[in-house]
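Q: In our numbering, the protein residues as written are 10 to 498.
Even for Gly, the Cβ is constructed at its ideal location relative to N, Cα and C.
As the structure is a prediction and not an experimental result, all values here were calculated from the model.
Before we start, here is the structure in question, set down as structure tokens.
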Amino acid sequence: MTSLTERFPAALEAAEQLDAPAYAVADVVSTVLEVTGTASQPIQNVLHGTWLGHPLHPILATVPVGTWTMALALDGAEALGLAPQRRLGEAADLALKVGVAGAVVASAAGLADWRQIHGRDRRTGLGHAALNSAALGLTVGSLALRRKGRRGIGRAASGAGWLALAAGAYLGGHLVYRRRVGVDQADRSPEPRGFQPVLPVAALQEDRPRRVEVWDEAARAMVGVVLVLHRGQVHAMGSRCSHMGGPLDEGWVQNGGLVCPWHGSRYCLATGRVLDGPSTSPQPRYDVRISGDQIEIRHVPEPGDEALTPEEVDAGHAYAVAGAGALPEGRKADEVLFEHHQLLRRLFETIEGMQPDDPERRDMMRLLAGELEIHEHVEDAIFYPAVRPVSEDVPVAHAEHQQLADMLAVTLRLGTSSPEFEQQLRALHQAVDHHASSEEESMFKEAQRLGEARLRELGQQIEEMLEHERVSRARSAFRALKIRLLEGA
């Protein structure tokens, strides 16, 4: 059976009878904007948040949500007599008034965004707007009642308004997180990392967008790029519009920008930044060069981008080699970590092979938990920082560590003789094996770019830390206490 929270938006999305009133409201909004003439686009850019680089509506919506929630709490305290009623009442009334002002501005931004969506999302957006409008009306009515001295009924009205606001906020969240309305729809693939030929120069015509594709091995998909020859210079940006995924290669050039054919967002050819909304996110950019008769492109990394370019990989390798010095003795880091992976696998096999009622099974589980804790600490402290310059897998590995820790906590809570423990143990075993195998098949191979000397140096550090973690009384006591807490002892 589906829950109410699933049936509610689903019913709105399927309600085709809402299309007529939705389009009627959208036509009114469009008319109001159109009569402003040349000021229409700047007004829309402000309301969309184009200037901010982020949709404006969700930011403004926090004002009524926050202030009306505060008013609800103050009204509750006033009704219970928890503080002087006059001071509580004045504070609640002020919070409601601030929320009303914020709601009016937020609704203007929301309407500007809503008129650009269609179909099932427009229906849901209409329900979102209707509930928030009801919340606004009830709150304004509550303020009028309070001014007349009818505070009890006024509190009830604003309380009902808060419930309508909460329902409207749920629909807003559904539009964003389930339906992906308002989120960046551009393809942010890091490919190609180095210059790659994509099209003969002669194939481009002035101000006629042309789509080309490059292969993303990690995503196992083609990535669309749009090329534009404008005033003798070739420009390149992502072909999928960041607003709602429109095909920019089917758009047109206007005032130095490429216009999306779906909703009219306009992007600067040179920088990819948004010139006109409704979009708020810039397009992915590509460096362009002409080599012979071919156009070659290379993805321009974005701030904070984890993707590594060939130059960065070479730089990381050169840095490691330059600082390596004489070849240290001992094993390489990947060899030490592989051995620890094998230890974890053997521990799982031992625990799974024991009888459910074996009293030593709990002790073996604690030993496994301790080794998993040590493994995570060693990789996080030594190995991952070292391989970050040559591997893109570090963020994923950190995420997997968190997942393993969460799964381990659940497993430790269960009795070792219960069927639930067996099921959870198998799942944890699979997760650990996946994590270990992923490192062995990818990160360990990429780590070879650091050079043998650096890997042996890291291997020595890892072995020293493994030894310290096992012999240190303080560290052992800390792990034992943590495991006991996770067991619920």
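Is it buried or exposed for GLY301, if we count other Cβ within 10 angstroms and need 16 for buried?
A: GLY301 comes out exposed.
Q: Identify, in the order they occur along the chain, each residue of the same chain with its Cβ nearer than 8 Å to the Cβ of LEU140, setting aside the five sequence neighbours on each side.
A: For LEU140, where only same-chain residues beyond five positions count, the Cβ hits under 8 Å are ALA173, LEU174, ALA176, GLY177, LEU180.
Q: Would you call the segment 133–147 and the segment 20–34 touching, i.e. three or more CB-CB distances under 8 Å?
A: Counting Cβ pairs under 8 Å, three or more are found: they touch.
Q: So, helix, strand or coil for GLY254, using DSSP?
A: If DSSP states are grouped into helix, strand and coil, GLY254 belongs with coil.
Q: Is any heavy atom of the ligand FAD found at a distance shorter than 8 Å from the C-beta of GLY281?
A: This structure lacks the ligand FAD, and indeed carries no ligand of any kind.
Q: Going by Cα to Cα distance, which pick from MET373, HIS444, PRO368 is closest to GLU388?
A: Of the candidates MET373, HIS444, PRO368, the one whose C-alpha sits nearest the C-alpha of GLU388 is HIS444.
Q: Going by the DSSP bridge assignment, what does ALA230 pair with across the sheet?
A: Answer is ASP225.
Q: Tell me MET79's beta-bridge partners as DSSP assigns them.
A: None; MET79 has no bridge partner.
Q: In angstroms with no decimal places, state the Cα-to-Cα distance between ALA279 and HIS244.
A: So the alpha carbons of these two residues sit roughly 6 Å apart.
Q: Let me know the secondary structure DSSP gives TRP271 once reduced to three states.
A: Looking at TRP271 - three-state DSSP - the assignment turns out to be coil, as it is neither helix nor strand.
Q: Work out the CA separation of PHE392 and ASP193 for me, nearest whole Å.
A: Taking the straight line joining both Cα atoms gives about 33 Å.
Q: Would you identify the three-state DSSP class for ASP3, choosing helix, strand or coil?
A: Because the chain spans 10 through 498 in this model, residue 3 falls outside it and cannot be assessed.
Q: Which residue wins for smallest C-alpha separation from ALA100, given the options GLN433, TRP77, GLU431, ARG307?
A: The shortest C-alpha separation from ALA100 is found at TRP77.
Q: Just the Cα atoms here: how many angstroms apart are ARG16 and GLY182?
A: C-alpha separation (whole angstroms): 15 Å.
Q: Short of 8 Å in beta carbon distance, which residues of its chain neighbour GLN205, apart from the five on each side in sequence? Order them along the chain.
A: If we look at GLN205 and ignore the five residues flanking it on each side, its Cβ neighbours are VAL223, GLU305, ILE306, ARG307.
Q: Measure the Cβ-Cβ separation of ARG353 and LEU377 and say whether it is below 9 Å.
A: Checking the displayed sequence, the identity of residue 353 turns out to be Leu instead of Arg. Yes, the pair counts as a contact, with Cβ atoms nearer than the cut-off.
Q: Give a yes or no on whether the C-beta atoms belonging to VAL207 and VAL237 are separated by under 9 Å.
A: Their beta carbons are not under 9 Å apart, which means VAL207 does not touch VAL237 by this criterion.
Q: Under three-state DSSP, which class holds MET10?
A: At MET10 the pLDDT is 48, less than 50, meaning the model places this residue with poor confidence and gives no usable figure here.
Q: For ALA227, which option in ARG220, ARG249, ARG202 has the closest C-alpha, if you only look at C-alpha atoms?
A: It is ARG202 whose Cα lies nearest to the Cα of ALA227.
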